[in-house]
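Report on the structure given below.
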Amino acid sequence: MNVKLRYDIENINNIPTIAPMLRKLLVLIEDPAVSMNELSKFILKDPSLTARVIKFVNSPIFKSRFSHPITSVNQAMLMLGINSVKGILLGVMVSNYMDKTMEGLWLHSAGCAEASKIIAELTLNVDLIEDITVSAILHDIGKVILNTKYPQKYRAVLLNSKNGETYILEEEINIFEVTHADVGSWLAHKWNFPIVLTETIKYHHHPTMSKNAKIHCSIVNLADCLIKAFGFGYSGDNLIPLLDPHVFEILKINETILNEIIKEVYNEISDEEAFNLD
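Sequential numbering from 0 applies to the sequence shown in numbering that gives the first Met the number 0.
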């Protein structure tokens, strides 16, 4: 492992190009004692952020969780746990960075969250939906961090993976010796996210390597493959990720359930505008 790179990544707050609001958020979510009230106050200070958060919690990803539309930040806070609020807030705030990293990355991430929710519902893992959707939103955050910290090097990663027949993971390893999944998990750990979120970010390409979140990782792995296959958004290369062959066994998915998953995911992502935060 590249120790210096990990040190630099974990000190992301020192990156000059990080916007002041995001810098403040990173300090907040790193605090294990941060309260819902503090997060609510942070959101409400910025009308634009408030509007984006409310729009996101009313998106297809979360709307089935609520009996009526969410009209205020406080309503959302009451309905969601603190880790979900932290994850959603982080996802919303880095969404602009995602599309600066590569156009379509936010749409890909939101699509993965929606697909993950559907897979969790149809495989009877409803109690895991909150953690799974948040980790799906953040599963590619390592790409944003690498691009923000090392823009020239990551531009080479994106160029090579776009023009060649290689996975973005391979190009990241060639240039950084680590992948976006490693980088994302380092920060999830630093930000005190639960182990299941941290492991899902780290092992979403290799679910069986996870000790504590095999189901979570398997769901996001399958969601990632489906969203890429449908061409929803863009995640840095033109290849569909490799589906771990154990996913169907772990999730107890048969052909009937798989067909239902594919049908529902296709229907739910048909309206791209529903996932747009602007």
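Even glycine gets a Cβ: it sits at the ideal position worked out from N, Cα and C.
Treat the numbers as computed from the prediction; the structure is a model and nothing was measured.
Residue from the options with nearest C-alpha to residue i
i    : options                : result
I17  : K54, P244, P150        : P150
V52  : V143, A32, S66, M76    : M76
I128 : N82, M208, K152, T70   : N82
E271 : E113, M208, K210, C224 : E113
S39  : V84, T100, L4          : V84
L43  : P59, L24, S58, E29     : L24
L4   : G183, L276, R22        : G183
G304 : T165, A212, A187, N211 : Summary: the structure shown does not reach residue 304, with the chain confined to residues 0 through 277, and so no result is reported for it.
Where residue i falls, given that 16 or more other Cβ within 10 Å makes a residue buried
i    : result
R154 : exposed
L106 : buried
V177 : buried
Y202 : buried
I117 : buried
K227 : buried
H138 : buried
Y6   : exposed
H67  : exposed
E198 : buried
M206 : The residue you asked about is not Met; residue 206 is Pro in the sequence shown. Buried: at least 16 other Cβ atoms inside 10 Å.
N266 : exposed
T147 : buried
E221 : Correcting the residue identity first, residue 221 is Leu in this sequence and not Glu. Buried.
G163 : exposed
Practice item. Please determine if the region 169-177 and the region 186-196 are in contact, where contact requires at least 3 C-beta pairs separated by less than 8 Å. Key: no
Point to revise | At least 3 beta-carbon pairs within less than 8 Å: the region 203-220 vs the region 243-255 | key: yes
Review point. Which ranges would you report for the alpha helix (DSSP H) in the region 180-207 if only whole runs of at least 4 residues count?
Key: 194-202
Exercise for review: Taking 8 Å as the threshold, find out whether the region 139-150 comes into contact with the region 113-128 through three or more Cβ pairs.
Suggested key: no
**Study point:** the region 92-108 in contact with the region 227-235 per 3-pair CB rule at 8 Å
**Key:** yes
Point to revise | Entirely enclosed alpha helix (DSSP H) segments - the region 51-75, minimum 4 residues | key: 59-62
Practice item. Return the chain-ordered ranges of every alpha helix (DSSP H) run that is complete within the region 147-174 and spans a minimum of 4 residues. Key: 150-162
Check your understanding: Counting pairs of beta carbons, one from the region 66-73 and one from the region 85-101, are three or more of them closer than 8 Å?
Key -> no
Exercise for review: Run through the region 1-47 for me and flag every whole alpha helix (DSSP H) of 4 or more residues, listed as ranges in chain order.
Suggested key: 2-9, 19-29, 35-43
Review point. Counting only runs that start and end within the region 103-131, where is the alpha helix (DSSP H) found for 4 or more residues in a row?
Key: 104-121
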